[in-house]
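Enquirer: Following the numbering used here, the numbering of the sequence shown begins with 55 at its first residue and continues without gaps. Please read through the structure below; I'll follow up with questions.
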Amino acid sequence: MNESQLRHLVVSFRHIDELLGEAVRNLSAEADASPFARYTQDASPVQRKVVADHVAGIRRAMARIMDEVGAPRPAPVSGALWAAQSQVAAARIAIDELRPRVMRGYGALSDADAVRLDGIAAELDAALERLLAYLAQGPDADLPARLQRLEQTRDEVPLLRELARIVTDHGLVGLRGTLSLLLERLEGDGFEIGVFGRVSSGKSSLLNRLLGAPVLPVGVTPVTAVPTRIRLGEHSRAMIEFAQSPPLTIGLERLPEFSTEQQNPGNRKHVTRILVEVPAGRLPPGVTWVDTPGLGSLATDGAAETDAYLPRCDLGLVLIDAGAVPTPEDFALVQRLLRAGASAMVLVSKADLLDAPDRQRVVDYVRQQLGAQLGTPLAVYPVSVKDAAASLCEAWFDEALQPLLRTHGEQAAAAMRRKIGLFREAVERTLEARLGQPAAAPRYAAALAALRAGDELCEAARRAA
55 MNESQLRHLV
65 VSFRHIDELL
75 GEAVRNLSAE
85 ADASPFARYT
95 QDASPVQRKV
105 VADHVAGIRR
115 AMARIMDEVG
125 APRPAPVSGA
135 LWAAQSQVAA
145 ARIAIDELRP
155 RVMRGYGALS
165 DADAVRLDGI
175 AAELDAALER
185 LLAYLAQGPD
195 ADLPARLQRL
205 EQTRDEVPLL
215 RELARIVTDH
225 GLVGLRGTLS
235 LLLERLEGDG
245 FEIGVFGRVS
255 SGKSSLLNRL
265 LGAPVLPVGV
275 TPVTAVPTRI
285 RLGEHSRAMI
295 EFAQSPPLTI
305 GLERLPEFST
315 EQQNPGNRKH
325 VTRILVEVPA
335 GRLPPGVTWV
345 DTPGLGSLAT
355 DGAAETDAYL
365 PRCDLGLVLI
375 DAGAVPTPED
385 FALVQRLLRA
395 GASAMVLVSK
405 ADLLDAPDRQ
415 RVVDYVRQQL
425 GAQLGTPLAV
435 YPVSVKDAAA
445 SLCEAWFDEA
455 LQPLLRTHGE
465 QAAAAMRRKI
475 GLFREAVERT
485 LEARLGQPAA
495 APRYAAALAA
505 LRAGDELCEA
515 ARRAA
């Protein structure tokens with residue numbers, strides 16, 4: 055196909071994508087919350103999921119076809135946060151159309167109606183102003199200052215600075231979120247162990263066993279709504295941060311109010327961070343455990359929180375229930391952890407449900423499936439928190455986890471290097487893809503050359519250290 059035909063194919067695919075996106079939005083539960091909903095929500099949750107899966111498959115097919123025929127993918131024009139700011143700003147302008155001076159153009163107004171209209175406009179404008187202020191707290195607003203501060207302590211920063219410059223100068227907006235996460239991890243300078251798994255796989259119970267106390271709420275239904283961080287502290291307490299409200303420090307008995315699906319469904323309280331401090335002997339300084347919401351549940355907001363946490367994780371412990379058949383989603387979770395630069399360890403939880411021969415067969419099967427699907431060997435351990443089989447948990451902790459905790463500083467540094475390396479590869483792939491745009495090819499070629507020079511800069515910094 056010639057250039058004009060490829061352009062027409064891309065434009066047609068974009069139109070199809072917009073129509074399919076609109077179909078999915080029309081079926082979403084959120085659409086029904088609008089006072090201007092155009093359609094009655096008569097689709098069941100299963101129907102919504104099936105439609106969304108079909109649309110995702112069609113989008114994958116269009117992306118594959120574009121790659122096969124050499125059609126360039128249009129680059130994003132901006133970040134989603136910036137677009138949202140623009141739309142909210144436009145909504146504030148529309149509020150002015152409600153004020154008395156405009157409404158008098160449609161007829162006479164009484165003094166009472168004028169006062170009422172002023173009040174309506176003021177109420178909505180204040181709400182939009184708060185929303186706009188929240189959106190203005192963008193992820194890369196303080197990027198230069200953060201990089202300058204980090205450069206005093208980390209030898210990876212010269213390369214990261216060059217990557218940040220390329221992302222900013224060339225408008226690689228799709229990579230800004232990842233860049234912000236990398237800076238957050240560098241600033242944290244600790245080792246994060248995330249505990250992942252499907253709903254009711256025993257994540258919170260395992261952490262309570264390791265902490266030696268019932269710190270986290272447990273249950274057979276989806277419990278954890280927001281990732282909960284646990285670190286060493288002198289006293290037991292929880293610190294809750296919110297999107298727009300002042301932070302709160304509470305006793306652990308109130309933790310379920312903010313961390314569970316039952317008392318904070320869909321994170322209606324807009325909790326952005328939960329940090330628990332406990333004086334636990336197995337929690338060395340500099341190590342943070344993270345209890346994540348269960349995957350594969352109807353509590354989709356919690357699952358989204360877990361996905362968003364993956365890039366921050368240094369070591370992922372993935373629990374697979376011994377009483378359930380491992381699913382493709384379990385293996386996909388391990389794969390996403392590895393692709394995010396984390397290391398991973400798989401635990402067959404609730405191993406007390408099986409006798410010793412069956413337990414070994416399940417462990418061998420999971421190990422074999424992991425090797426076949428991921429192409430890399432991974433350690434698999436049976437664990438249990440039940441007293442009769444708790445020795446399994448102790449054996450795993452002593453044999454596999456304790457050595458990593460003793461060297462957590464080195465483990466965190468290695469994970470950070472992997473994450474920056476993966477980010478560098480993503481930047482390079484994006485630049486190479488844009489070399490196909492003739493008008494901008496020289497500019498992107500220069501950026502690639504600068505990126506490779508940044509590799510040499512980083513290596514020189516390591517040698518000097």
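We put the CB at the ideal spot given by N, CA and C, even for glycine. Predicted, not measured: the structure shown is a model, and the values here were computed from it.
Please state if the CB of I70 and the CB of L236 are separated by a distance shorter than 8 Å.
Expert: By one-based count along the sequence shown, residue 236 stands at place 182. By one-based count along the sequence shown, residue 70 stands at place 16. For L236 and I70, no; Cβs fall outside 8 Å.
Enquirer: Cα-Cα, which of D409, D412, R390, K440 is closest to L428?
Expert: As a working mapping, residue 428 is identified with position 374 in the sequence shown. Out of D409, D412, R390, K440, R390 has the C-alpha closest to the C-alpha of L428.
Enquirer: Exposed or buried, which one is T275 when buried takes at least 16 other CB atoms within 10 Å?
Expert: What you label residue 275 is simply residue 221 of the sequence shown in a count that begins at 1. For T275, the pLDDT reaches just 49, beneath the cut-off of 50, and the residue's location in the model is therefore unreliable, leaving the point undetermined.
Enquirer: Return the Cβ separation of V402 and L260 in integer angstroms, given the expectation that the two are a contact with Cβ distance under 8 Å.
Expert: In the sequence shown, counting from the first residue as 1, residue 402 sits at position 348. In the sequence shown, counting from the first residue as 1, residue 260 sits at position 206. Not really, about 12 Å apart at Cβ, beyond 8 Å.
Enquirer: CB-CB under 6 Å to R68, same chain, minus the five flanking residues each way: which ones, in chain order?
Expert: As a first step, residue 68 must be located in the sequence shown, where it is residue number 14. For R68, where only same-chain residues beyond five positions count, there are no Cβ hits under 6 Å.
Enquirer: Starting from F296, trace the alpha helix (DSSP H) in both directions and tell me its first and last residue.
Expert: The residue you call residue 296 lines up with position 242 of the sequence shown. That residue, F296, is in no alpha helix (DSSP H); its beta strand (DSSP E) goes 291-296.
Enquirer: If we require 4 or more residues per run, which alpha helix (DSSP H) segments fall completely within the region 341-424?
Expert: If only uninterrupted alpha helix (DSSP H) runs of at least 4 residues are considered, those enclosed by the region 341-424 are 354-363, 382-393.
Enquirer: So what does DSSP say about A515, is it helix, strand or coil?
Expert: What you label residue 515 is simply residue 461 of the sequence shown in a count that begins at 1. Caution applies to A515, whose pLDDT of 47 falls short of 50 and renders its modelled position unreliable; the value that the coordinates give is listed next. DSSP places A515 in helix when its eight states are reduced to three.
Enquirer: Looking only at its chain, what residues have a beta carbon closer than 6 Å to the beta carbon of D194, apart from the 5 residues adjacent to it on each side?
Expert: Position 140 of the sequence shown, counting from 1, holds the residue named residue 194. Residue placement at D194 is poorly supported in this model, since its pLDDT is 43, which falls under 50; the coordinates are not used for a value here.
Enquirer: On the criterion of 16 or more Cβ atoms from any shown chain inside 10 Å, does V481 qualify as buried, or is it exposed?
Expert: As a working note, residue 481 is residue 427 in the sequence shown. Classified as buried, V481 has 16 or more neighbouring CB atoms from the shown chains inside 10 Å of its CB.
Enquirer: For L476, tell me which candidate among D361, P457, L392 has the shortest Cα-Cα distance.
Expert: Position 422 of the sequence shown, counted from the start, is the residue given in the question as residue 476. When each option's Cα is compared against that of L476, the closest is L392.
Enquirer: Pairs of beta-carbons, one from the region 244-262 and one from the region 362-372, closer than 8 Å: are there three or more?
Expert: Yes: the two stretches touch, three or more of their Cβ pairs being nearer than 8 Å.
Enquirer: Whose C-beta lies closer than 6 Å to the C-beta of R283 among residues of the same chain, with five residues either side of it excluded?
Expert: Taking the first residue of the sequence shown as 1, we reach residue 283 at position 229. Result list for R283: L329, T342, V344, in chain order.
Enquirer: If contacts are defined as beta-carbon pairs under 8 Å, then E210 and M399 qualify, I think. What distance do you get, rounded to the angstrom?
Expert: One-based indexing of the sequence shown puts residue 210 at position 156. One-based indexing of the sequence shown puts residue 399 at position 345. The beta-carbon distance between E210 and M399, rounded to whole angstroms, is 25 Å. This is too long to meet the 8 Å contact definition.
Enquirer: Using the C-alpha atoms, what's the distance from G242 back to T207?
Expert: Start at 1 with the first residue of the sequence shown, and residue 207 comes out as number 153. Start at 1 with the first residue of the sequence shown, and residue 242 comes out as number 188. In this predicted model, T207 has a pLDDT of only 47, less than 50, meaning its place in the structure is not dependable; the value taken from the coordinates is given anyway. For T207 and G242, the distance between alpha carbons rounds to 12 Å.
Enquirer: Can you tell which of R322, A180, S98, L186 has its C-alpha closest to the C-alpha of S140?
Expert: Residue mapping note: residue 140 aligns to position 86 of the sequence shown, counting from 1. Of the candidates R322, A180, S98, L186, the one whose C-alpha sits nearest the C-alpha of S140 is L186.
Enquirer: Pick helix, strand or coil for F90, following the three-state DSSP scheme.
Expert: Taking the sequence shown and counting its residues from 1, one reaches residue 90 at position 36. Coil, per DSSP.
Enquirer: Would you identify the three-state DSSP class for V64, choosing helix, strand or coil?
Expert: Counting from 1 along the sequence shown, the entry for residue 64 is found at position 10. Here V64 sits in helix by DSSP.
Enquirer: Between which two residues does the beta strand (DSSP E) harbouring A286 extend?
Expert: The residue labelled residue 286 in the question sits at position 232 within the sequence shown. Residue identity differs from the one stated: residue 286 is Leu in this sequence, not Ala. For L286, the enclosing beta strand (DSSP E) starts and ends at 282-286.
Enquirer: Classify N56 as buried or exposed, calling it buried when 16 or more other Cβ atoms lie within 10 Å of its own Cβ.
Expert: Working through the sequence shown from its first residue, we reach residue 56 at position 2. It is exposed - the Cβ of N56 has fewer than 16 other Cβ atoms within 10 Å.
Enquirer: Which runs of the alpha helix (DSSP H) at least 4 residues long sit entirely within the region 147-184? Give them in chain order.
Expert: 154-157
Enquirer: Would you say the region 308-315 touches the region 217-227, given that touching needs at least three Cβ pairs under 8 Å?
Expert: no
Enquirer: Determine contact between the region 415-422 and the region 330-338, defined as no fewer than three beta-carbon pairs at a distance below 8 Å.
Expert: Contact fails: fewer than three Cβ-Cβ distances are below 8 Å.
Enquirer: Would A353 be called buried (16 or more neighbouring beta carbons within 10 Å of its own) or exposed?
Expert: By one-based count along the sequence shown, residue 353 stands at place 299. At A353 the pLDDT is 48, less than 50, meaning the model places this residue with poor confidence; the figure from the coordinates comes in the next sentence. Classification for A353: buried.
Enquirer: According to DSSP, is V253 part of a helix, a strand, or is it coil?
Expert: For the purposes of this step, residue 253 is identified with residue 199 of the sequence shown, where counting begins at 1. V253: coil per DSSP, three-state reduction.
Enquirer: What is the DSSP secondary structure of R472, counted as helix, strand or coil?
Expert: Counted from its first residue, the sequence shown places residue 472 at position 418. In this structure, R472 counts as helix in the three-state DSSP scheme.
Enquirer: Identify, in the order they occur along the chain, each residue of the same chain with its Cβ nearer than 8 Å to the Cβ of G305, setting aside the five sequence neighbours on each side.
Expert: For this step, residue 305 is matched to residue 251 along the sequence shown. Same-chain partners within the cutoff: S290, R291, A292.
Enquirer: Taking the alpha carbon of L182 as the reference point, which residue from A148, S164, P154 has its own alpha carbon closest?
Expert: Sequence index remark: in the sequence shown, residue 182 carries index 128 (1-based). The option with the nearest alpha carbon to L182 is A148.
Enquirer: Taking the alpha carbon of Q316 as the reference point, which residue from L302, I294, V280, P300 has its own alpha carbon closest?
Expert: On the sequence shown, position 262 is the one that residue 316 refers to. Per the Cα distances, V280.
Enquirer: Do you know how far the Cα of A166 is from the Cα of P154?
Expert: The count along the sequence shown starts at 1 and reaches residue 154 at position 100. The count along the sequence shown starts at 1 and reaches residue 166 at position 112. When rounded, the distance between both Cα atoms is 11 Å.
Enquirer: On the three-state DSSP scale, how would you describe P130?
Expert: Here residue 130 refers to the residue found at position 76 when the sequence shown is read from its first residue. If DSSP states are grouped into helix, strand and coil, P130 belongs with coil.
Enquirer: Going by other Cβ atoms of all chains shown within 10 Å of its Cβ, with 16 needed for buried, is H108 buried or exposed?
Expert: Here the question's residue 108 lines up with position 54 in the sequence shown. Exposed, by the Cβ-count rule.
Enquirer: Would DSSP call P333 helix, strand or coil?
Expert: If you number the sequence shown from 1, residue 333 lands on position 279. Three-state result, P333: coil.
Enquirer: How far does the beta strand (DSSP E) with L432 in it reach, from first residue to last?
Expert: Indexing the sequence shown from 1 puts residue 432 at position 378. It is not in any beta strand (DSSP E) - L432 carries neither H nor E in the DSSP assignment.
Enquirer: Could you tell me whether the Cβ atoms of A297 and H324 are closer together than 8 Å?
Expert: Position 243 of the sequence shown, counting from 1, holds the residue named residue 297. Position 270 of the sequence shown, counting from 1, holds the residue named residue 324. In this structure, H324 lies closer than 8 Å to A297 by Cβ.
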